[in-house]
Every structure is written in C-alpha cells, then in structure tokens.
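The opening position of the sequence shown corresponds to residue 29 in my numbering, with each subsequent residue numbered one higher. Worksheet for the structure shown next.
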Amino acid sequence: MMNVTEKHPHPLARRPDRWGWILCFIFCNVILCAFVHPLLQAADAQMPTPQTRILSAQGTVDIFRGESQLWIPAKVNMPLAFGDIVRTGRRSKAALQMTDKTLIKIRQLTSMVIQAPESKGKQPLLNLRSGSVFFFSRESPKEVPFRTSLSSGAIRGTEFELTAIENGSSTLTMVDGLVDLSTPMGNVSATGGEQVVIEPDQSPRKTPMLNPESVIQWTLYYPGILDTSELQWTEVAPPEIWKAALNAYNLGNLPQAITSMPKASDQGEQEAARLLRAAIWLAHGEVSITENALDENWNLGRHAELSAALKSLIQKLSLGGRSKDNYNQAQLGGTRTLMLARSYHAQASYHLEEALEWAQRAAEESTTFGYAWARLAELQFSFGNHQRTKEALEKAIEISPENAQARILEGFIQLANKHPEAALASMQKAVELDSGLSNAWFGKGLAKFKLGQTEQARQDLQAATILEPQRALLRSYLGKAYETDNEWIAAIRELDRAKILDPNDPTPWLYSALIQYQKNALIPAITELQESVRLNNNRSIYRSRSLLDKDQSIRQANLAVMYRDAQMHAWSQREATQSIENDYTNASAHLFLANSYDALRDPRQLNLRYETPWASELFLAQLLMPAGSASLSRQISQNEYTALFDQQPFHLINTTEYQSSGLWDQSTSHFGNMPGFSYALDVDYLRDPGQRPNNDVENLSVWTSAKFNLTPQDELMIQAVYSDYESGDASQYHSQANGSTTQRVEEDQEPLLFLGYHRVWHPGSHTLFLASYFDDTFRRRDPGSIVPVIDRNASGAITGVNPFTFDLNYQRKLQGFSAELQQIVKTDQSTIIGGARYQWAEVDTFARLDRPGTAFPPVFSTPPANQNVSPDLDRFSVYGYHYYQLTEKLMSYFGASAETQRYPENTEIPPVSSNEKTKAQLSPKIGLRYRPLDQTTLRAAYSKSLGGVFFDQSIRLEP
29 MMNVTEKHPH PLARRPDRWG WILCFIFCNV ILCAFVHPLL QAADAQMPTP
79 QTRILSAQGT VDIFRGESQL WIPAKVNMPL AFGDIVRTGR RSKAALQMTD
129 KTLIKIRQLT SMVIQAPESK GKQPLLNLRS GSVFFFSRES PKEVPFRTSL
179 SSGAIRGTEF ELTAIENGSS TLTMVDGLVD LSTPMGNVSA TGGEQVVIEP
229 DQSPRKTPML NPESVIQWTL YYPGILDTSE LQWTEVAPPE IWKAALNAYN
279 LGNLPQAITS MPKASDQGEQ EAARLLRAAI WLAHGEVSIT ENALDENWNL
329 GRHAELSAAL KSLIQKLSLG GRSKDNYNQA QLGGTRTLML ARSYHAQASY
379 HLEEALEWAQ RAAEESTTFG YAWARLAELQ FSFGNHQRTK EALEKAIEIS
429 PENAQARILE GFIQLANKHP EAALASMQKA VELDSGLSNA WFGKGLAKFK
479 LGQTEQARQD LQAATILEPQ RALLRSYLGK AYETDNEWIA AIRELDRAKI
529 LDPNDPTPWL YSALIQYQKN ALIPAITELQ ESVRLNNNRS IYRSRSLLDK
579 DQSIRQANLA VMYRDAQMHA WSQREATQSI ENDYTNASAH LFLANSYDAL
629 RDPRQLNLRY ETPWASELFL AQLLMPAGSA SLSRQISQNE YTALFDQQPF
679 HLINTTEYQS SGLWDQSTSH FGNMPGFSYA LDVDYLRDPG QRPNNDVENL
729 SVWTSAKFNL TPQDELMIQA VYSDYESGDA SQYHSQANGS TTQRVEEDQE
779 PLLFLGYHRV WHPGSHTLFL ASYFDDTFRR RDPGSIVPVI DRNASGAITG
829 VNPFTFDLNY QRKLQGFSAE LQQIVKTDQS TIIGGARYQW AEVDTFARLD
879 RPGTAFPPVF STPPANQNVS PDLDRFSVYG YHYYQLTEKL MSYFGASAET
929 QRYPENTEIP PVSSNEKTKA QLSPKIGLRY RPLDQTTLRA AYSKSLGGVF
979 FDQSIRLEP
C-alpha cells in the first residue's frame with residue numbers, strides 16, 4: 029500500500045525547484061514595491077503646500093499688494109499674501125483658494141482683504157468690504173473666520189453666500205452647514221436653508237430662504253448659442269466698437285468678449301447690439317441682467333426668435349429646469365441659434381437623440397458656427413461615437429480655436445483613450461482660455477488622479493465645485509476624491525449634498541454604496557446601490573440608451589459582488605445575469621460571472637461541470653476590457669466602476685491560507701496598467717493532504733497575460749498558462765474505504781497559449797477573435813487498477829462483466845489548436861451575437877495493462893494490453909443568438925448552432941481504440957424572461973446542444 033504522507037512529508041520537501049520559483053517571484057515583487065513606493069512618496073512630498081491663491085480671474089480682477097502699494101492684474105495661480113486686497117470690476121468675477129479645503133467665488137464689483145490670522149494656529153481672516161462672495165469650506169476641525177463692517181463669523185464646513193454694501197448692511201444666505209455670526213447688536217447662528225439680514229443699529233434678522241436657486245444663479249454656466257451671422261445690423265457691417273467683442277465671441281473666447289464689450293450707450297443701441305450684449309452677459313452667468321435685456325420689445329421678427337432662444341436656454345439650464353414634461357417640439361423656430369437652443373432644450377427634457385439631431389442641423393447649415401460644431405461633438409461623445417466626435421471637434425477648433433469647452437472635450441477624449449498627460453495639457457489650455465469653467469478644473473482633477481497627483485487632483489475638483497456648486501455630479505466626484513484620501517466624513521458629506529442637489533442622479537448613490545462596502549457595511553451598501561440601479565435611466569439627459577445599459581450593467585455587477593459577500597449567492601447570480609443581459613459587452617459583468625463560476629469549480633479538478641462557463645466568461649471579460657484601464661488578473665473579482673480614479677500603475681496581491689489539516693493554499697498576483705497596456709502574472713499553489721491515505725492533491729498554475737492597443741479601436745491580448753497537477757485518488761466516495769491507495773495521477777500543461785483580438789467598430793459593435801494552442805499531457809499509474817472485463821460466448825454475445833486487477837500505465841498527450849471569430853452588435857433594444865469556431869487536435873495515447881502470468885485465471889495474454897493510438901479530433905461550429913427587448917418587462921432569446929464533430933471512440937478507458945466517430949447536429953434555443961414586478965422574474969427556456977470530448981467544449985466564446 030502506498031503511503032502518501034511518508035512519500036511527501038512536507039510540501040517544501042517534494043519539489044524545491046517549484047517552491048524556489050514561487051518564493052523568488054514573491055521576493056521580486058516585494059523588492060519592486062519597496063523600490064517604487066518611496067519614489068511615489070517622494071513625488072507626493074514634492075507637491076506644493078496649499079496657500080491662498082487665485083484660481084480663476086475673468087474680466088478685470090486686480091490685486092493691491094500691501095508691500096508695493098500698487099494695483100496689479102490678477103493671474104491664475106498667483107499667490108496672495110496677508111494684507112492683499114482683491115477687487116473685481118464690472119462684468120468680472122474671480123475664485124480664490126483660501127486654504128486647503130476653503131474656496132471662495134467672487135462676484136463683480138467686490139472688494140475683500142486677506143488678513144493675517146488673529147492668533148497662531150488659526151486660519152487667514154477674510155474681510156469683505158463690499159460685493160458678494162460664495163464660500164465653500166470643508167475644513168475640519170479648524171474654522172475659517174470672516175468679517176464685514178458690521179459682523180464677523182466662523183465657517184465650519186459650510187457653504188453660504190455673503191453680500192455686503194458700503195453702508196454696512198449685509199446678507200448671509202446659508203446653503204449648507206453652520207455659521208456662527210457676531211454683530212454689535214447680537215449674535216446668531218445660521219444653518220442650511222436660512223438667511224440672516226444685518227443692518228446698522230438693528231439686531232440681525234433670521235428668515236427662511238425662499239428661493240435657494242437664486243442664491244447661486246450667478247455661478248451657473250451658460251454656453252454660447254448665438255450665431256452672430258443671424259444678427260441684422262442697421263449697417264452692412266457691425267459697428268467698429270463691437271468688432272473686438274464680436275470677434276472674440278466667434279473665436280469662442282467668452283471671457284475676452286466680456287472684456288471687449290463696449291459700455292451701453294445712454295441713447296440706446298440697435299437690436300443686434302442688444303442681443304449680442306445679452307448673449308455675452310448670459311455666458312458670463314449674469315442671468316438677471318440678461319433677462320432684463322431680453323424683456324424688451326423687438327421690432328425684427330428674427331431678433332424676437334433669437335431672444336426666445338436665449339430665454340429658453342436660461343429656463344432649461346437653471347436649477348430645477350430639467351424636466352421630462354412640457355416638451356413641445358414645435359415651440360421654437362428655424363434659425364441656427366434656435367436650433368442650438370432647441371438642442372439644449374431637448375437634452376434638458378431627456379430627449380438626447382433629438383438634441384443630437386438639432387445640433388446636427390445647426391452645424392450642417394453653417395460652416396462658420398463654431399458653437400454648433402462644438403455642441404455636436406459633445407453630443408456625439410455622449411453617444412460614444414468617438415470617430416464622429418473627433419471629426420466634429422476638429423471642425424469646431426478650426427472655426428473657434430479659443431473655445432475652452434472644445435478644449436475640455438478634447439481632454440476628455442484623451443482620458444477615454446488612456447492618455448492622461450495629453451488630457452492634462454488640453455485641460456490646462458482650457459483653464460488658460462477660461463479659468464471660470466468648472467469642467468476644465470474637473471478634467472484637470474481626473475487627469476491628475478490618473479497621473480498619481482492625488483492632492484493636486486482633489487484641489488482641482490474642489491475648484492470645479494466652487495465654480496459650479498449646484499452641480500451634483502461635481503459633488504459626487506469630489507466625494508469620491510475625499511474617499512480616495514480616506515477622508516470618509518468629508519466624502520459622505522459631499523455625496524449627501526449631491527443627493528439633495530439632484531435626487532434623480534444615480535452617481536452619488538453608487539459612490540456612497542462603494543464607500544459603505546469598503547467599510548464592510550454590506551446592508552447599507554446594497555440598499556444604496558439598489559437605489560442607484562433604480563435611478564440609472566435618469567442619466568439619459570447625458571448618455572445614450574446604449575451607454576445607459578452599460579452603466580446599469582456595471583451597477584448590477586457591483587451589486588452582485590455585494591450580494592455574494594453578504595452570502596446571498598442566489599441574488600448574486602441573479603444580478604450578474606441581469607448585468608450581462610443589460611449589456612453583453614460589459615467586461616466587468618463577465619468578469620464577475622467568471623469568478624462566480626470559479627468559486628464553484630472543483631480545486632481537485634474532478635467535477636468539471638463549471639469549467640466551460642468559467643473559461644468562456646473569463647475570455648470574454650479579458651477580451652472586452654480596455655487595455656490600460658482594467659486588471660487582467662484572474663484574482664480580481666471586480667474592476668471598480670470609477671476607473672478614472674485608479675492611480676496605482678502596479679499592484680501586488682497575496683493570499684495565503686493554512687489549515688491544521690495541512691492544507692496549504694496560496695495565490696499571488698502582480699499586475700499593472702499603463703496607457704494602452706495591461707499585464708498580469710498570477711501564481712496559484714494548492715496542497716491538500718486530503719482526508720484519507722492517498723487522497724492528496726498538489727497543483728501549481730502560472731498565468732501570464734498582456735494586452736495592448738494596436739490602434740484606438742484595436743487591441744491584442746497574449747496569454748500563456750503553465751500547470752502542474754498531481755494527486756492520488758481524489759474522488760469522493762460514500763465509504764472512504766473504497767478509495768484507491770495505489771493510484772497516482774499527473775497532468776502537465778506546458779503550455780497553453782492564447783492570442784486574442786478585439787476590434788470596436790463603434791459603440792455596441794465588437795469583433796472578437798480567440799486563437800489557442802494546447803499541449804496537455806495526462807498520466808495515470810495504478811498497480812491495483814480495477815478494470816471491468818466483458819465475458820462473451822462463442823457467438824459473441826455478452827454473458828457477463830467481471831472486475832479484474834491490473835497494473836495500469838496510461839499516458840495521453842493532447843496537442844491541438846482552436847480558432848473562433850465572434851461579432852457582437854448591440855442596439856437599444858437588442859443584442860445580436862454570431863460566430864464560427866474550428867478546433868483540431870491529435871490525441872496520442874499509450875495504455876498498458878500488466879498482470880502477473882501466475883494470476884488466476886490465466887486467461888490473459890502477456891501483457892493483456894499494450895497500445896499506442898493517435899486518433900484525431902476536429903469540430904466546426906456556426907452559431908447565432910438574438911436577444912430582443914419586446915417590452916419594458918418582456919425579453920426574448922432566440923438562437924441556433926450547427927455543428928459537426930469527429931472524435932475518438934475511446935481514448936480514456938483501456939483498452940483504448942483508434943476508431944473515430946462523426947456526429948452533426950442543429951441545436952435550436954429559445955427563451956423568454958418576464959418581470960411583472962421589480963423583484964419577480966419568470967423564465968422559460970428550451971435548449972439543445974452538442975457536448976464535447978476534451979477542450980473543445982471549454983475553450984469557446986459562444987454563449
């Protein structure tokens with residue numbers, strides 16, 4: 029009897045070369061991380077200390093230097109010293125960063141002083157002399173003090189607007205947080221939704237804030253929509269005094285247009301001048317001035333239509349202006365300006381396709397209307413049409429090279445293409461053109477996160493938030509940035525604020541759920557992510573139906589992970605399946621499903637029931653995931669939704685488990701992402717001595733993967749697998765005494781090679797190709813093998829079956845290849861999958877049965893069997909599937925596959941055979957899924973399939 033524990037007393041004693049390789053791999057990764065980490069820390073240490081500085085300066089913004097006693101023009105990133113005075117002129121505004129987490133936005137005609145702290149350890153004091161400012165502070169636990177002529181106070185994690193006039197009166201309007209206010213006539217505290225009025229010789233009055241939207245209306249961004257060629261001037265050409273502003277407006281430089289705009293004449297202006305002035309004022313965020321100008325009567329019908337377009341833009345882009353109701357396609361006329369306004373109107377009413385159509389019409393009717401081409405590029409990007417986006421954007425920049433919004437879109441395209449350095453350059457260019465654009469700072473922050481500049485990235489996201497404090501999306505990303513810095517309280521605060529600003533936005537619910545998940549609060553995480561799933565379609569204002577399905581798929585993949593970790597496995601599988609149904613091209617959904625099947629796989633490799641779905645889903649996930657932005661490692665169960673925040677290029681993960689029974693399970697993974705390139709190296713080792721003699725299993729597998737971009741649309745993946753498996757009798761028996769004490773099994777895969785290709789023709793259209801080569805050697809040795817022997821009579825009829833003991837020596841070497849081509853086409857209502865696969869292999873088999881000549885009964889030859897056979901295996905398959913959303917609650921599935929297979933009759937059970945068989949089959953498939961309620965799903969299906977012999981049923985992309 030073979031005693032396994034005596035033969036292999038310790039896992040290290042059996043194959044020192046194998047363990048030396050593993051330990052060398054782990055050691056090299058530790059050294060690599062130890063070397064890289066100090067460099068990253070040194071890079072962070074070189075980042076500048078936060079100080080008071082100019083974030084944005086639009087129009088006439090001057091700084092009075094206390095040291096030089098001179099007024100100088102403000103510039104972006106200019107540092108401010110104690111005693112400096114900041115003032116803004118007419119048609120001007122600015123933004124300051126007071127401290128690391130305190131920012132201020134300054135309105136026109138404002139004067140304020142930066143004063144030294146009142147005592148050591150305190151923050152600088154802000155003295156508002158006159159004008160209006162908007163505060164945003166997340167300082168904790170420190171307070172940021174401020175002062176007007178009649179009041180003083182301290183900011184504690186607050187947002188509020190403060191207005192002061194020269195006679196001493198002031199108004200403080202709270203948006204969020206808490207402020208303690210002191211005046212000569214009394215003290216008062218204000219919280220979110222309250223307003224305090226301070227007047228000379230009167231006690232401060234606190235009243236509810238009746239119209240929260242009007243408080244920060246001047247902080248909103250309104251795009252340029254006026255086609256100046258449609259203005260009807262009284263002369264043939266515009267007046268000379270308007271040419272500079274008109275030229276700046278047409279170039280896309282809205283801040284320069286504000287500066288160049290002439291003063292309004294006391295004698296009045298012609299209608300074209302008044303309209304142009306209103307459009308420029310609106311682009312500056314001065315809504316009340318614009319509305320007053322647009323309320324005048326217009327003698328010319330075209331000017332009346334242009335005025336209506338500007339009014340429509342104000343209505344739909346104001347806080348609360350978005351609505352799916354009251355959408356009337358015929359309410360606007362046919363000028364290009366009105367078409368562009370109609371595009372924003374349609375988008376704000378959740379009709380993104382019509383918004384694209386209106387922008388397309390406006391752009392096609394004028395080759396000089398830069399704002400229309402920029403708008404068209406923006407909407408094409410919302411649909412994921414990157415090539416069309418590029419074409420429209422190039423046209424927009426050609427017409428309006430100083431359009432900051434076009435440069436921002438250019439930066440987001442670079443981010444989507446995994447080029448953060450180029451994206452940062454585009455975003456910086458946008459800041460230089462218009463430092464008041466929140467999207468420019470937002471894009472800078474995301475690019476810096478990708479480059480590992482965490483602190484600067486967070487500050488840029490804060491700058492974006494102060495520039496447009498009402499945008500829930502900016503709050504969500506800022507909350508995620510705080511979470512990345514492990515500032516949980518600040519993160520939750522921003523996400524809660526985002527939920528208030530836009531209750532219909534699913535983004536803050538998603539990020540909040542991920543934070544709860546990281547805190548191991550699984551039930552709150554599941555609850556919040558369920559709400560994010562419910563709200564997903566509200567993003568239709570920004571994203572096409574196809575991209576919404578992708579968002580929903582990712583959310584449900586995350587939800588499936590949470591259900592799994594909460595031990596709700598059935599719900600986990602349900603969410604993973606729904607995730608793929610929503611978007612078959614979602615790599616994260618396929619990856620999670622692959623890992624779900626992986627958890628069900630038999631580590632002893634006897635029950636191969638889940639091998640086929642696991643391998644298929646894993647290959648689909650790895651082919652579909654973009655190179656450079658997702659992990660190829662098999663040990664990462666979920667690629668995080670917020671890929672833009674992934675700033676670590678290299679990762680090392682190790683998991684080791686040891687049990688008192690002697691089981692040793694170790695998994696080590698080293699993987700990384702760089703622009704356009706991903707790689708992973710996974711090592712898995714298992715040694716389990718089992719529960720009975722000769723029940724041990726030892727398995728070492730090494731996976732190496734690399735994926736890189738050939739072009740922006742084409743990706744290539746290379747993968748190699750090495751496996752070394754050895755076991756005794758690892759089968760399960762009702763009675764442990766039935767297990768073999770003599771059988772030994774070995775299987776080597778040296779190597780398995782895979783070559784994958786992924787082509788994205790356009791969003792929803794993907795071509796996949798997977799080629800593979802196999803070299804698998806399987807050996808079985810058993811001196812006490814029981815082989816059933818058939819007894820036949822003289823006529824050949826079977827008369828009985830009797831077991832006999834033989835000395836079995838068996839080896840099978842399988843060498844072959846497989847190639848599969850698949851096309852996926854996804855539309856708003858359907859998914860079509862079609863493909864073809866061909867596989868071939870040679871099965872070289874050696875089988876020998878030995879039995880002593882003295883054994884009874886002496887009826888066998890010597891040896892009883894000694895065979896070498898080399899049959900072939902080949903298989904050809906063509907398949908097609910169609911998933912169609914019949915109604916909101918009913919989905920149909922249709923499919924069919926046609927296959928022919930030639931395979932060995934018997935190469936598994938000695939005595940083996942060189943005979944081959946052929947089989948062909950047409951396999952129809954049909955299914956229905958009906959969801960009468962949110963938590964109720966009814967399914968019906970019929971399917972027929974043709975099984976396989978070896979790898980031919982496992983290495984496949986077919987669903």
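For each residue, glycine too, the CB sits at the ideal point set by N, CA and C.
For residue i and residue j, which I take to be in contact (beta-carbon distance under 8 Å), what is that distance rounded to the nearest angstrom?
i, j, result
"A604", "L621", "5 Å"
"L407", "L421", "Rounded, the Cβ-Cβ distance is 11 Å, inconsistent with contact."
"R330", "Q260", "6 Å"
"L502", "A492", "5 Å"
"L836", "S813", "4 Å"
"N445", "A402", "Between A402 and N445 the Cβ distance is about 19 Å, and since that is not below 8 Å, they are no contact."
"A390", "R364", "5 Å"
Give me the Cα-Cα distance between residue i and residue j, rounded to the nearest whole angstrom.
i, j, result
"G87", "T186", "28 Å"
"I59", "N682", "With a pLDDT of only 48 at I59, under the threshold of 50, the placement of this residue in the model should not be trusted, and no figure is reported."
"P938", "A893", "8 Å"
"F802", "E933", "21 Å"
"I551", "T512", "22 Å"
"A1022", "S733", "No answer is possible for residue 1022: it lies beyond the span of the chain, which begins at 29 and ends at 987."
"G480", "F699", "17 Å"
"D962", "W731", "41 Å"
"V817", "N830", "5 Å"
"S991", "A649", "For residue 991 there is no data in the structure shown, the boundaries of the chain being 29 and 987."
"A926", "Y866", "12 Å"
"D128", "L956", "56 Å"
"H414", "I441", "8 Å"
"N625", "F647", "This sequence places Tyr at residue 625; Asn is not what is there. Looking at the two C-alpha atoms, the distance is approximately 13 Å."
"G923", "G863", "12 Å"
"R772", "Q633", "14 Å"
"G214", "A453", "51 Å"
What residues match up with residue i in a beta bridge as DSSP calls it?
i, result
"M202", "F188"
"I852", "H794 and I861"
"M745", "K735 and G784"
"I193", "I193 is not bridged to any residue."
"H312", "Partner(s): none; H312 has no beta bridge."
"W868", "F845 and D902"
"F832", "V815"
"Q125", "R81 and L131"
"H331", "None; H331 has no bridge partner."
"T805", "D776 and K841"
"G181", "F174 and L209"
Quick one: residues in its chain with C-beta nearer than 8 Å to the C-beta of residue i, no 5 flanking neighbours on either side, listed in chain order?
i, result
"I308", "A273, Y277, L282, A285, I286 and M289"
"V104", "I82, L83, S84, A85, V459, E460 and S463"
"I608", "S581, N614, A617, H618 and L621"
"Q741", "R787, V788 and W789"
Which residues in the same chain as residue i place their Cβ atom closer than 7 Å to its Cβ, once the five residues preceding and following it in sequence are excluded?
i, result
"N723", "G756, D757, A758 and G767"
"Y545", "A553 and M590"
Tell me which residues share the same chain as residue i and place their Cβ nearer than 6 Å to its Cβ, disregarding the 5 neighbours each side in the sequence.
i, result
"I226", "L178, S179, S198, T211 and P232"
"D488", "W469, K472 and G473"
"G828", "D819"
"A485", "G473, K476 and F477"
"S340", "A369 and H373"
"Q913", "Q857 and M919"
"V725", "R632, D716, S755 and A758"
What ranges does the alpha helix (DSSP H) occupy inside the segment 361 to 399, keeping only unbroken runs of at least 4 residues that lie completely in it? The segment 361 to 399 contains these whole alpha helix (DSSP H) runs: 364 to 376 and 380 to 392.
Which ranges would you report for the alpha helix (DSSP H) in the segment 591 to 655 if only whole runs of at least 4 residues count? The segment 591 to 655 contains these whole alpha helix (DSSP H) runs: 597 to 610, 615 to 628 and 639 to 652.
Where are the alpha helix (DSSP H) runs, 4 residues long or more, that stay fully inside the segment 258 to 322, in chain order? Segments of the alpha helix (DSSP H) lying fully in the segment 258 to 322: 268 to 279, 282 to 288, 299 to 311 and 315 to 322.
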